[in-house]
Amino acid sequence: MTDPMTEREGQPHDALAKAAATAPATPYAQPEPAARDHVPMEKPVFELRDVSVAYGGTPAVKGIDLDVEANRITALIGPSGCGKSTVLRCLNRMNDLVADATVAGRVLYHGQDIYASHVDPVEVRKLVGMVFQKPNPFPKSIYDNIAFGPRVLGMKGSMDEIVERALRRAALWDEVKDRLKQSAYGMSGGQQQRLCIARALATDPDVILMDEPCSALDPISTARIEDLLLELRRSYAIVIVTHNMQQAARVSDRTAFFTVELDEGERHRTGRIVEFDATEKIFQNPADPRTEAYVTGKVG
Ligand code: ADP
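Following our numbering, the numbering of the sequence shown begins with 121 at its first residue and continues without gaps.
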């Protein structure tokens, strides 16, 4: 029987989509949480090499090397202002929408540079979905929120099926199937955030980016989103920015710890990755004393 979680629809219609579609099949058997130490897998979905981002010429992050793997949750942690969201936004070219932002270095998605001149950022954002801190449904019905992206992209197939599949994947279908035509604003905050996740899933991405997706939610809604992340990991690569270290420890497989350093001239504070490793290692036996000080709460 086909597993709906692993179904992929739509025709690859450019080089990026083809690269994603022809990437090695991902294993769906999951390691137990206790055994989530890093096991090298196929080529990473994303490879960032010496990436730096500046706003108005002022560097915000420098020298970022990061791999993002399929079927893994990668957490970005570190104090506020160290560049976690900036790096996250590099992965789907959202920094293009920030005036004065410049990105240097290589951001390879299935081996292709998403900043190459021929790459359409809209296509990148179809394949690399994003969920924000505050649930931000459109002022439309639940159905139309999900159908929005597929309609804009002209996705083929039954829209009803696309909407149902996205809502099922986001563990929301049973709660909303009888009120699909009602406004998304009538949903609870936690439901709205799962709707935003469903909306990101509707365009059939293979990566989901999440920028502090639970920070506006109560503990019960947060737990539901965390359960959902572990479920979605079976089919997607997930990158999550979180200020909640317990959350990073609970859900992620790999963690990158960022900090802010004064540059050589000591004029600018620039974000850098101190350590990137298996989450267990980062939290239990970090290599760098700065990581240890942060994860044990000695500095924040
Ligand atoms: P974090 O997600 O770790 O809190 P950010 O990526 O938001 O960090 O910010 C990193 C640095 O970049 C900060 O110094 C911040 O002020 C700066 N920055 C972020 N977004 C912008 C922007 N749109 N314009 C100018 N500077 C920005």
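Beta carbons: idealized from backbone N, C-alpha and C, even for Gly.
Distances from the CB of residue 361 to the heavy atoms of the ligand ADP include at least one below 7 Å. When DSSP reads this structure, residue 197 sits in a beta bridge with 377. A straight line joining the alpha-carbon of residue 233 with that of residue 214 spans about 15 Å.
Cβ contact annotation for residue 342 (same chain, cutoff 6 Å, sequence separation greater than five): 334, in chain order.
Secondary-structure assignment with DSSP links residue 287 through no beta bridge to anything.
Excluding sequence positions up to five before and after residue 206, its CB lies within less than 6 Å of the CB of 173, 180 and 181, all in the same chain and listed in chain order. Residue burial is scored here from C-beta neighbours: residue 367 has at least 16 other C-beta atoms within 10 angstroms and is therefore classed as buried. If you draw a 10 Å sphere on the C-beta of residue 228, you find 16 or more other C-beta atoms in it, and that means buried. Fewer than three Cβ pairs drawn from the stretch 294 to 305 and the stretch 352 to 362 lie within less than 8 Å of each other, which leaves the two stretches out of contact. Of the heavy atoms belonging to the ligand ADP, at least one sits nearer than 7 Å to the Cβ of residue 201.
In its chain, beyond the 5 residues on either side, 296, 300 and 304 have a beta carbon closer than 6 Å to the beta carbon of residue 262. With a cutoff of 7 Å, residue 190 does not count as near the ligand ADP, since its C-beta is closer than that to no heavy atom of the ligand. Excluding the 5 residues flanking it on each side, residue 257 has same chain C-beta neighbours closer than 6 Å at 265, 304, 312 and 315, in chain order. In the structure shown, residue 216 adopts helical secondary structure according to DSSP, grouped into three states. Here DSSP, grouped into helix, strand and coil, assigns residue 309 to helix. A direct Cα-Cα distance of roughly 14 Å separates residue 323 from residue 288. Within the model, the alpha-carbon separation for residue 199 versus residue 267 is close to 37 Å. The straight-line gap separating the alpha-carbon atoms of residue 276 and residue 282 is approximately 9 Å. Burial check for residue 272: the Cβ neighbour count within 10 Å stays below 16, so the residue is exposed. Shortest gap from the CB of residue 141 to any heavy atom of the ligand ADP: 7 Å or more. Beta-bridge partners assigned by DSSP to residue 188: 166. A direct Cα-Cα distance of roughly 44 Å separates residue 170 from residue 294. For residue 171, the distance from the CB to the nearest heavy atom of the ligand ADP is not below 7 Å.
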